[in-house]
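A.B. asks: Chains as they are written, first to last, in my numbering: chain A, 1 to 264; chain B, 1 to 295.
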Ligand SMILES: Nc1ncnc2c1ncn2[C@@H]1O[C@H](COP(=O)(O)OP(=O)(O)OP(=O)(O)O)[C@@H](O)[C@H]1O
Ligand SMILES: [Mg+2]
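#1: Identify the contact partners of residue 72 of chain B in chain A, using a Cβ-Cβ distance below 7 Å as the criterion.
#2: Any residues in the segment 100–133 of chain B with a beta carbon nearer than 9 Å to a beta carbon of chain A? Which ones, in chain order?
#3: Since residue 52 of chain B meets chain D, which of its residues come closer than 8 Å, beta carbon to beta carbon?
#4: Determine the direct distance from the alpha carbon of residue 82 of chain A to that of residue 201 of chain A, and round the result to whole angstroms.
#5: Can you pull the chain B neighbours of residue 101 of chain A, defined as C-beta to C-beta under 9 Å?
#6: I'd like to know whether the C-beta of residue 76 of chain B is nearer than 8 Å to at least one C-beta of chain A.
#7: Could one say the Cβ of residue 86 of chain A lies closer than 8 Å to chain B's Cβ atoms, at least one of them?
#8: I'd like to confirm something about residue 158 of chain B: is its beta-carbon nearer than 7 Å to some heavy atom of ligand 1, or not?
#9: Just to confirm, are residue 208 of chain B and residue 14 of chain B a CB contact at a threshold of 8 Å?
#10: Heavy atom of ligand 2 less than 7 Å from the Cβ of residue 170 of chain B, yes or no?
#11: Under a three-way DSSP split, which group does residue 157 of chain B fall into?
#12: Got a sec? Which residues, its chain only, sit under 8 Å from residue 58 of chain B by beta carbon, not counting five neighbours each side?
#13: Going straight from the alpha carbon of residue 239 of chain B to that of residue 270 of chain B, what length do you get?
#14: Measure the Cβ-Cβ separation of residue 88 of chain A and residue 175 of chain A and say whether it is below 8 Å.
#15: Excluding the 5 residues preceding and the 5 following residue 262 of chain B in the sequence, name in chain order all residues of the same chain whose CB lies nearer than 6 Å to its CB.
#16: Using a Cβ-Cβ distance under 8 Å, would residue 230 of chain A count as near chain B?
#17: What would DSSP say about residue 4 of chain B, mapped onto helix, strand or coil?
#18: Between residue 251 of chain B and chain A, is any beta-carbon pair separated by less than 8 Å?
#19: Going along chain A, which residues have a C-beta under 8 Å from residue 82 of chain B?
#20: Taking 8 Å as the limit between beta carbons, can you name the residues of its chain near residue 197 of chain B, skipping five residues before and five after?
#21: Would the C-beta of residue 92 of chain B count as close to ligand 2, meaning under 7 Å from any of its heavy atoms?
#22: By a C-beta neighbour count over all protein chains shown, 10 Å radius and 16 as the cutoff for buried, is residue 149 of chain B buried or exposed?
#23: Should the segment 124–131 of chain A be regarded as contacting the segment 89–102 of chain B, the criterion being three or more beta carbon pairs within less than 8 Å?
#24: Given a cut-off of 8 Å, decide if residue 138 of chain B and residue 144 of chain B are closer than it, judged by their beta-carbon atoms.
#25: Determine, using beta carbons only, whether residue 111 of chain A and residue 166 of chain A come nearer to each other than 8 Å.
#26: Count the other C-beta atoms from every protein chain shown that fall within 10 angstroms of the C-beta of residue 53 of chain A, then say buried if there are 16 or more, exposed otherwise.
#27: Does the distance between the C-beta of residue 203 of chain B and the nearest non-hydrogen atom of ligand 1 fall short of 7 Å?
#28: Could you compute how far the alpha carbon of residue 186 of chain A sits from the alpha carbon of residue 174 of chain B?
#29: Leaving out five residues on either side along the sequence, give the residues of the same chain with a beta carbon under 8 Å from the beta carbon of residue 79 of chain A.
#30: Report the partner residues of residue 88 of chain A according to the DSSP bridge assignment.
#31: Anything in the segment 132–153 of chain A with a Cβ closer than 9 Å to a Cβ of chain B? List those residues in chain order, please.
#32: Run through DSSP, which three-state label would residue 223 of chain A get?
#33: Kindly examine ligand 2 and report whether one of its heavy atoms sits closer than 7 Å to the Cβ of residue 269 of chain A.
#34: Would you identify the three-state DSSP class for residue 53 of chain B, choosing helix, strand or coil?
#35: Any heavy atom of ligand 2 closer than 7 Å to the beta-carbon of residue 59 of chain B?
#36: Could you tell me the distance, in whole angstroms, from the CA atom of residue 265 of chain B to the CA atom of residue 272 of chain B?
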């Protein structure tokens, strides 16, 4: 467990910054909920002039927008994007930093197996994501309670909030796979940012072209706030897609990393 | 038992040759020098037996156990100083060393004590961030990290770069102490003088192949020496005739010059028959001997 704890120590500062950034963004958005919901007719009018494509890109769903769920769901699109970058960052860097810092020889000459290194590092990455989400959900609940003034179903709200976790797990795992496969990663962001945006663009095009088959390709389309609101649950087909992706990628990561030559 | 044994060990990076059919034995309790020019394959050999890279073909064992099957178990008893300087960002030297210690089963307080003792000996301030340390001081962190768990096998990949002569001396003493305690040492270097002082045997690696393994004493004994003699009156040429190992023999008045390679006993016996006024034998140093192999 020593690698696990050490990794948590390495990332505590970054974790703090991300949690603060995500929470602040959320609070800023939530604080404008009241003014928007009180002028819903004006808002409706304005939004009706927006191009349909734009509404699709920002995941704007009119059906429930004026409820706290709908408004939260709308904010989540941006939170997902930021959270995806955070998660991908962790996934990629937790392995690749050993190479860029030239610490791979240090770590691999210790009495540990490659699979133990990978397991502890993945567990550390996952814990960072879990902590982020606990903080985020608590902030969301407190924020909604404070700003919405009406009662809201806590369960639905938590289910919406937890979508961040699933999106982050997707990108953590993807980053992890990149970290094992790519031989040398100079700067983590140069890998994480484009990847996240590609997935975001695919999601947008899928929406604009109205091609639901595209939705399987990107976690940004796995969680539709309206669906979650109406069914009090997640769409199982996308949960399977996510589960399948996570398992496949992890297995692949182990296979690659165990056989890999670690370069200087 | 051999502490390290490789058999036809090859490592290719794609088409690039790292090492090729390398056979090496390091005996228990010895300090084995591993000498070769840049790019010869020293680091590749070391990283292969540590399973940091995987062999293309051939096999290697440490403590009699196959390195690919028993990696973690074997590495419990290995201390390794990589040739490249490494550091985790924002980590103090003491944090890194404690992290390093946390991998081993040895008693924690024992290792902690070792860290402090070694740091004092090498004059290293443990509370500094590794990023802020000088090159040589980072090397010291590496040395302590490799020795803190009292390993049975110490692998040093060009350990002396950046150390000042005083610290270097302390480091050599330290290695000798560890060796007396029972540790075997694999010492890779291209600085030949240090090998001469420290090692029992040396292996010379060139272009990925082990081309020679010899005892240091044999190497010096069997090496070429330059003889310059001056005789009283004209020398009897028959004396040096038919002695194997003599080359470049030149008579110049009363002076005789030649190179000799072989047992000194043979040549001194012969020379004894001459009426000498002066005798000058130049001991070649290892550098000269190795230049011969490097060529
Ligand atoms: N990751 C790598 N990819 C491709 N080739 C490599 C790699 N690492 C080493 N090599 C090649 O393998 C050969 C042996 O290199 P190695 O680092 O083992 O030499 P060395 O004896 O340690 O040299 P030095 O004294 O410079 O440290 C070199 O020709 C080098 O170019
Ligand atoms: Mg080297």
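Even glycine gets a Cβ: it sits at the ideal position worked out from N, Cα and C.
The structure presented is a predicted model; accordingly, all values stated were derived computationally and were not measured.
C.D. replies: Answer, in terms of the structure:
#1: Neighbours of residue 72 of chain B on chain A, chain order: 111, 112, 113.
#2: 100, 102, 103, 104, 105
#3: No chain D is present in this structure, whose protein chains are A and B.
#4: 14 Å
#5: 86, 87, 88, 89
#6: yes
#7: no
#8: yes
#9: No, the pair does not count as a contact, with Cβ atoms beyond the cut-off.
#10: Not so, every heavy atom of ligand 2 lies at least 7 Å from the Cβ.
#11: strand
#12: 6, 7, 8, 9, 10, 21, 22
#13: 6 Å
#14: yes
#15: 245
#16: no
#17: strand
#18: no
#19: Those are 102, 105, 106, 109, listed as they occur along chain A.
#20: 172
#21: Incorrect: residue 92 of chain B has no Cβ contact closer than 7 Å to ligand 2.
#22: buried
#23: The segment 124–131 of chain A vs the segment 89–102 of chain B: no contact.
#24: no
#25: Not closer than 8 Å, so no.
#26: With fewer than 16 other Cβ atoms within 10 Å, it is exposed.
#27: no
#28: 37 Å
#29: 22, 25, 26, 136, 164
#30: Looking at the DSSP assignment, residue 88 of chain A forms no beta bridge with any residue, so it has no partner.
#31: Listed by position along the chain: nothing, the set is empty.
#32: coil
#33: Coverage of chain A is limited to positions 1 through 264, which leaves residue 269 of chain A absent and any answer about it impossible.
#34: coil
#35: Look at residue 59 of chain B: its beta carbon is at least 7 Å from all of the heavy atoms in ligand 2.
#36: 11 Å
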